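Sequences listed follow chains A and B, in order.
For the first sequence, our numbering assigns the number 29 to the initial residue and increments by one for each residue that follows.
For the second sequence, our numbering assigns the number 29 to the initial residue and increments by one for each residue that follows.
Take a look at the structure below.
There are 2 protein chains.
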Amino acid sequence: MSAPEVTGRLAAWIVDLRPDAIPASVRREAVRTFVNWLGCAVGGASHETVDRALAAVRPLSGPRSAQVLGRAERLDPLHAALVNGIASHVLDYDDTHLKTIIHPAGPVASAILAVAEGRAVGGADFLTALTVGIEVECRIGNAVYPEHYDRGWHITGTAGVFGAAAATGRLLGLDARRMTWALGLAATQASGLREMFGTMTKSFHPGRAAQNGAMAAFLAEAGFDSSEHAIEAPRGFARVLSTKQDYGAILGGLGEHWEAGLNSYKPFACGIVIHPAIDGCRQLREVLGDRVGAIRSVALRTHPLVLELTGKTTPQTGLEGKFSVYHAAATALLRGEGGPEAFTDDRVQDPAIIALRERVGATTDPEIAEDAVHITVTLDDGTIVERRIDHAIGSLERPLSDDDLSAKFRGQAAAVIGDQAAEALLDAAWRIESTDDAASIAALSVPDR
Amino acid sequence: MSAPEVTGRLAAWIVDLRPDAIPASVRREAVRTFVNWLGCAVGGASHETVDRALAAVRPLSGPRSAQVLGRAERLDPLHAALVNGIASHVLDYDDTHLKTIIHPAGPVASAILAVAEGRAVGGADFLTALTVGIEVECRIGNAVYPEHYDRGWHITGTAGVFGAAAATGRLLGLDARRMTWALGLAATQASGLREMFGTMTKSFHPGRAAQNGAMAAFLAEAGFDSSEHAIEAPRGFARVLSTKQDYGAILGGLGEHWEAGLNSYKPFACGIVIHPAIDGCRQLREVLGDRVGAIRSVALRTHPLVLELTGKTTPQTGLEGKFSVYHAAATALLRGEGGPEAFTDDRVQDPAIIALRERVGATTDPEIAEDAVHITVTLDDGTIVERRIDHAIGSLERPLSDDDLSAKFRGQAAAVIGDQAAEALLDAAWRIESTDDAASIAALSVPDR
């Protein structure tokens, strides 16, 4: 085999990494990632997508050692990982590794929090596992992106399962050989089609990646063997699921350069590519004031990916609305909204928003960056107002602050579990690294009632 | 979308099919498929691969409504589907749809038997679901084979999950819309890499396909929605996982021409492509008698796929031995064996077999059919003995008879559950179609002790 021994070397690194070898700034980013993920999981917990997933899995659950976040129910760790992963993604409000559009925390945090419950995993070890899992999935993503994504794979599912396996395997204390098996069992379960965008099955992907990655680690722990070259082999993950295989992106500078330190957090509850448009429309709303009622037309100039991913002109449901830059722009202009409230069935069916949506046009320009947009609003009286966004809020250049993350958390969690519970949960989340039993935080997410 | 509405039309057919519209010959083949699958699942039940899978899932099981075949344990239906699917494939002794090399029963029967337990599904309905599931997976396989397989996908996993979803969905009585969702949830879980061949993870694929397909049906039943064009959409299954998309193979002659009637059953416990070599070597053994101890060399001329799939020259384990035409030929010549006993660790490490194995050479010839071989044995005294196999035993041209299937069943099952239990189970299996509660047969597979 001419490819370097990628899987084996990656597995050895996962197993051997010393927690104190992770830079403080990266550990801090992992805490921010955890806070953001937990808020999203609790915030999504009351969505009907979660109700339906629970209806299916509730009768099948094993011993209920793990909490369904933001709800009263408990499930076995595999099913809890599935449901929490779904909940954390269903509002499209979670974290993003911008180089690959992977949403890193869903697969990884959902797996390890559920597995850690009842095992008294210390906060530092928990955070190490979270960091390692995110590092692994983002590096594997870098190795195959964008060709892999362009082919039609939902990379949060396909790369995420490796992150979940690595992080769970680290929690279980797998040796290096078993870790290669866990990565092999992850590789052979890598799945998730972009065709599912706009349906409940999109958020199934990070949930199932969490569950499948955890299962991979449990099987490897039990001695269930697998290929030890699953990533790089001729019929392994990278060649079968991508035309690009940059193994240097997986192994280069491991432990020196950290992808886990490059996570970002969404200020708006939808695909990252329409964030510039929402950001710009909200800024224009401030400028226009009452004149938002007198808009003749809105012209967006965007990166081509924006229309490829979010070009739905007539969305019918809240979930479809997340894939319509037209709906998002209209809602941001008319109501200033970009959070979960902007993507409900009610908003998507609101006649005033539909009327404005139909006046939004979009053209693509490959010169415009993915996190940029140019917006031209023409009013009924012919007045033209323009706004150019170079880096949308939430990008690495304009990251959400800790206070922003706390505000986002409160906005999501309070509606589901009440103000008091949300505040206690947020406080515990920021202190996750110093907790004796990291997973005990899950119990704090149970609603007040 | 220019592709025809494949998923929707297939789903409608699955839901609407009347049991009496299935020809008697196809139903009979389904009974033979069930008998063969059940024998394989019981025969594989004591394999260490199954032990290890059980060690991992036992603590995670939900309510134990379903039998682990050939063992005393019970599990929830999803985990039972997984473990029974693994067991039915681990000996590489199961059934084969020769056009696609799909092993149809593993994903489908493992799912529906586990789900049917406790639901009092009549034998006729059970057999209809089995037939429909096999028809669906083989047709989807035909649509993408061989390009899909050549790329590196283990098609029993990737197509099998559709069969399991269709059959389980039929048992659950899903309506047509929910059936499209089940097929969508199957599509987005389609996975399994050929890199896993020769490891325990190969048999994980049909098991996981069974489990994932059943889960897809349970989720769809609960209203968890999905794409309704998952097979044919631009970023759906056929385009993302294959460069060939022959939708006519899915929809053409549905209900008239039956792929489920074309199933075949292995006389030897290994990949179908080396069956001609084993068949021929066993015939040569009859001719050679004592002179098998005086072989200077063995020259095989085979289809190229034989060496691509089974070209391992120095296998170390029984599982690896299944991927070595050299080991298989040597064992067939020296001991006349081709069943599970030929592919144990002991046999693969037997010095006498290794000595003969090293004298086996193979060349490929694209003119030779996949189910053919030409074998030239040269003895120490220079004598040359040849044998040409045009259609290996077990092929559609030389199918196993019902008596052959019974003998194969007894050979596998008796060793695991005892003679009496094996006989009672076999008898019940042949009568599956007239049973009031089809799944009650599972309890008969518990070992005598």
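Even for Gly, the Cβ is constructed at its ideal location relative to N, Cα and C.
Values in this document were obtained by computation on a predicted structure and should not be read as measured data.
For a contact defined as C-beta to C-beta under 7 Å, what are the partners of residue i on chain B?
{"i": "Phe371 of chain A", "result": "Result: empty, since nearest Cβ-Cβ is about 16 Å, beyond 7 Å."}
{"i": "Ser89 of chain A", "result": "Gly90"}
{"i": "Arg263 of chain A", "result": "Gly180, Leu221, Arg222, Glu223"}
Closer than 7 Å by C-beta to residue i: which residues in its own chain qualify, once you throw out the five before and the five after it? Chain order, please.
{"i": "Gly439 of chain B", "result": "Gly367"}
{"i": "Val320 of chain A", "result": "Arg313, Leu361, Leu362"}
{"i": "Thr77 of chain A", "result": "Ile114, Val118, Met228, Ser231"}
{"i": "Pro427 of chain A", "result": "Ser292"}
Go through its chain and collect everything with a Cβ distance to residue i's Cβ below 6 Å, but skip five positions before and after it.
{"i": "Ala58 of chain A", "result": "Leu155, Leu158, Thr159"}
{"i": "Asp274 of chain A", "result": "Ala171"}
{"i": "Gly161 of chain B", "result": "Val136, Gly191, Ala194, Ala195"}
{"i": "Arg385 of chain B", "result": "Tyr354, His355, Ala358"}
{"i": "Val43 of chain A", "result": "Ala204, Met207"}
{"i": "Asn240 of chain B", "result": "Val189, Gln217"}
{"i": "Ala214 of chain B", "result": "Val189, Phe190, Ala193, Gly241, Ala244"}
{"i": "His107 of chain A", "result": "Val85, Ser89"}
{"i": "Asn112 of chain A", "result": "Ala69, Leu97, Ser138"}
{"i": "Ile421 of chain A", "result": "Pro295, Asp307"}
Which term fits residue i, buried or exposed, when burial requires 16 or more other beta carbons within 10 angstroms of its beta carbon?
{"i": "Arg416 of chain B", "result": "exposed"}
{"i": "Ile396 of chain A", "result": "buried"}
{"i": "Met29 of chain B", "result": "Residue placement at Met29 of chain B cannot be trusted, given a pLDDT of 43 that sits under 50; the coordinates are not used to answer."}
{"i": "Ile412 of chain A", "result": "exposed"}
{"i": "Thr128 of chain B", "result": "buried"}
{"i": "Gln95 of chain A", "result": "buried"}
{"i": "Thr341 of chain A", "result": "exposed"}
{"i": "Pro379 of chain B", "result": "exposed"}
{"i": "Glu425 of chain A", "result": "exposed"}
{"i": "Arg285 of chain A", "result": "One detail in the question is off: residue 285 of chain A reads as His in this sequence, not Arg. The residue is exposed, with fewer than 16 neighbouring Cβ atoms inside 10 Å."}
{"i": "Arg459 of chain B", "result": "exposed"}
{"i": "Thr124 of chain B", "result": "buried"}
Could you work out which residues of chain A lie near residue i, taking near to mean beta carbons separated by less than 7 Å?
{"i": "Leu362 of chain B", "result": "None at all; the shortest Cβ gap to chain A is about 28 Å."}
{"i": "Val268 of chain B", "result": "Arg179, Gly180, Trp181, Leu221"}
{"i": "Phe246 of chain B", "result": "Ala84"}
Can you find a C-beta in chain A that's less than 8 Å from the C-beta of residue i?
{"i": "Ala250 of chain B", "result": "yes"}
{"i": "Gln217 of chain B", "result": "yes"}
{"i": "Met29 of chain B", "result": "Unreliable positioning characterises Met29 of chain B in this predicted model, as indicated by a pLDDT of 43, which lies under 50. The coordinate reading is nonetheless provided below. Not one chain A Cβ lies under 8 Å of Met29 of chain B."}
Quick one: does residue i have its CB under 8 Å from some CB of chain B?
{"i": "Phe437 of chain A", "result": "no"}
{"i": "Asp253 of chain A", "result": "yes"}
{"i": "Arg236 of chain A", "result": "yes"}
{"i": "Ala258 of chain A", "result": "yes"}
If the cut is a Cβ gap below 9 Å, which residues of chain B does residue i touch?
{"i": "Asp120 of chain A", "result": "What Asp120 of chain A touches in chain B: nothing, since even the nearest Cβ is about 16 Å away."}
{"i": "Asp104 of chain A", "result": "Pro87, Leu88, Ser89, Gly90"}
{"i": "Ala81 of chain A", "result": "Leu247, Ala250, Phe252"}
Between residue i and the rest of its own chain, which residues show a CB-CB distance below 8 Å, the 5 nearest in sequence each way excluded?
{"i": "Gly185 of chain A", "result": "Pro135, Ala218, Ser219, Gly220, His233, Pro234, Arg236, Ala237"}
{"i": "Ala452 of chain A", "result": "Leu472"}
{"i": "Thr19 of chain A", "result": "A question about residue 19 of chain A goes unanswered here, because the residues of chain A that appear run from 29 up to 477."}
{"i": "Glu256 of chain B", "result": "Thr35, Gly36, Arg205, Thr208, Trp209, Gly212"}
{"i": "Gly283 of chain B", "result": "Trp41, Leu45, Ala49"}
Just to make sure I have the definition right: I need the residues of chain A whose C-beta is within less than 8 Å of the C-beta of residue i. Which are they?
{"i": "Leu213 of chain B", "result": "Thr229, Phe232"}
Next item on the list: Jot down the residue ranges of each uninterrupted beta strand (DSSP E) in the segment 252–296 of chain B, minimum 3 residues, whole runs only, in chain order.
Entry: 291–293
Check: Of all the beta strand (DSSP E) runs that stay within the bounds of the segment 85–124 of chain B, which reach a length of 3 or more residues?
Finding: none
Note to self: Restricting to runs no shorter than 4 residues, where is the alpha helix (DSSP H) found entirely within the segment 156–184 of chain A?
What the structure shows: 175–179
Notebook entry, point to check: Which runs of the alpha helix (DSSP H) fall wholly inside the segment 356–441 of chain A and span at least 4 residues, in chain order?
Noted result: 373–376, 379–385
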